[in-house]
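Everything below concerns the one structure shown next.
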Amino acid sequence: MPERYAPLFERLRAAGEGAFVPFSVLGDPDPATSLEIVRTLVEAGADALELGLPFSDPVADGPTIQAADVRALAAGTRLQHAWALIRALRDEFPALPIGLLVYANLVERHGAPAFYATAAAAGVDSVLVADLPTLEAPPYVAAALAAGISPVLIATPSCSDTTLSEIARLGAAYTYVVARSGVTGADMTAPALDGRLLERLAAVQAAPALLGFGIAHPEHVRTALALGAAGAISGSAIVQRIERHLDAPSEMLRVLAAFVREMKAATRQAG
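Numbering (this note's numbering), first residue to last: 13 to 283.
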């Protein structure tokens with residue numbers, strides 16, 4: 013499988029930019045519209061994608077993304093539809109890093125080797141298992157690497173130095189840095205992370221840090237980059253815009269494109 017994250021971060025560093033990575037749930041609000049949404053995110057300037065597989069119990073997510081999972085499942089989206097969407101995106105955007113955010117049940121249901129092999133065949137570059145403690149990660153990491161997929165791990169301010177060292181040892185592609193406690197949600201407290209966690213991650217040579225949870229405004233992106241992150245991930249703010257325009261798909265795509273352009277522009281203004 014081609015390495016797509018490292019060239020991306022190298023190119024952005026050379027250009028003095030950070031990465032902007034939007035998140036959406038595959039199949040939300042239905043598979044056909046979901047493909048149009050993700051295509052719009054990329055064409056508006058997304059540097060990479062983080063995509064969720066629809067799941068009935070997304071415990072790391074707040075009500076906004078939970079509702080997106082419900083919409084996708086109610087529209088009949090199943091795993092085979094999600095893989096088909098990813099294959100379509102991979103064909104259309106061959107150099108774009110595509111990451112999955114999933115839950116352990118989805119991996120375990122099929123067995124980790126089979127799950128990661130299927131993801132790799134669809135064109136996935138990285139997988140983050142959101143409810144997987146670092147202590148339990150090694151078997152998943154081994155299965156991911158065997159399939160040619162980069163395992164992404166989550167770092168939080170409460171992680172001990174020992175845990176951060178494990179995250180650096182096991183993780184690849186990027187490190188998902190959670191900016192605040194709680195679940196995802198753009199309406200919750202804005203990121204309040206100081207730079208110490210990013211300094212600790214750099215000290216153990218962890219993969220580049222992307223800041224997530226609560227990234228909803230250009231100022232959040234600028235703050236993330238000023239703290240030393242390689243970029244920012246925005247999920248609930250994207251999904252909110254989908255939810256608000258379910259009855260007006262054209263307007264939905266216009267609003268999403270404008271949001272991505274605004275957030276991407278902020279990655280060029282951090283200095």
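Here a beta-carbon is modelled for each residue, glycine too, at the ideal position from N, C-alpha and C.
Item to check | Test: L65 CB closer than 7 Å to a CB of chain B | outcome: The chain labelled as chain B is not found in the depicted structure, where only one protein chain is given.
Item to check | Of the residues I254, M275, P109, L268, the one placed nearest V233, counting alpha carbons only | outcome: Counting from one through the sequence shown, the residue named residue 233 turns up at place 221. The shortest Cα separation from V233 among I254, M275, P109, L268 belongs to M275.
Checklist entry - Using the C-alpha atoms, what's the distance from G240 back to S262? => result To locate residue 262, count along the sequence shown from 1; it is residue 250. To locate residue 240, count along the sequence shown from 1; it is residue 228. Rounded to the nearest angstrom, the two C-alpha atoms are 36 Å apart.
Next on the checklist: Per DSSP, what are the beta-bridge partners of G243 in this structure?
Outcome noted: Residue numbering aside, residue 243 sits at position 231 when the sequence shown is read from its first letter. BP columns for G243 point to A31, L222.
Checklist entry - Hey, how far is the Cα of V272 from the Cα of L213? => result Counted from its first residue, the sequence shown places residue 272 at position 260. Counted from its first residue, the sequence shown places residue 213 at position 201. Their Cα atoms are separated by approximately 27 Å.
Item to check | P70 - DSSP class collapsed to helix/strand/coil | outcome: Taking the first residue of the sequence shown as 1, we reach residue 70 at position 58. If DSSP states are grouped into helix, strand and coil, P70 belongs with coil.
Checklist entry - In this structure, does DSSP put S162 in helix, strand or coil? => result Along the sequence shown, one-based indexing puts residue 162 at 150. Here S162 sits in strand by DSSP.
Checklist entry - Which residues in the same chain have their Cβ closer than 6 Å to the Cβ of G81, if we skip the five residues on either side of it in sequence? => result The residue labelled residue 81 in the question sits at position 69 within the sequence shown. The sequence shown places Asp at residue 81, rather than the Gly named in the question. Cβ within range, chain order: V37, P66, F67, P70.
Next on the checklist: At 4 residues or longer, what runs of the alpha helix (DSSP H) sit wholly inside the region 115-188?
Outcome noted: 116-122, 124-134, 150-159, 173-182
Item to check | Three-way DSSP call (helix, strand, coil) for E274 in this model | outcome: As a working note, residue 274 is residue 262 in the sequence shown. Note: E274 maps to helix in three-state DSSP.
Checklist entry - Is the beta carbon of I166 less than 7 Å from the beta carbon of Y186? => result Stepping through the sequence shown from its first residue, residue 166 is reached at position 154. Stepping through the sequence shown from its first residue, residue 186 is reached at position 174. It is not a contact, given that the beta carbons lie outside the stated cut-off.
Next on the checklist: According to DSSP, V190 sits in a beta bridge with which residue or residues?
Outcome noted: Taking the first residue of the sequence shown as position 1, residue 190 is located at position 178. V190 is bridged to G224.
Next on the checklist: Could you tell me the alpha carbon to alpha carbon distance between A124 and H93, rounded to whole angstroms?
Outcome noted: Counted from its first residue, the sequence shown places residue 124 at position 112. Counted from its first residue, the sequence shown places residue 93 at position 81. Taking the straight line from one Cα to the other gives about 19 Å.
Next on the checklist: Our contact map puts A134 next to R102 with C-beta atoms below 8 Å; I'd like the distance itself, whole angstroms only.
Outcome noted: As a first step, residue 134 is located in the sequence shown; it is residue number 122 there, counting from the start. As a first step, residue 102 is located in the sequence shown; it is residue number 90 there, counting from the start. Sure, about 7 Å apart at Cβ, within 8 Å.
Item to check | Nonlocal neighbours in the same chain, by C-beta distance under 8 Å from E330, ignoring five residues either side | outcome: Any question about residue 330 goes unanswered here, given that the chain covers just 13 to 283.
Checklist entry - CB-CB under 7 Å to A184, same chain, minus the five flanking residues each way: which ones, in chain order? => result As a first step, residue 184 must be located in the sequence shown, where it is residue number 172. The answer, listed in chain order, is S162, P163, A219.
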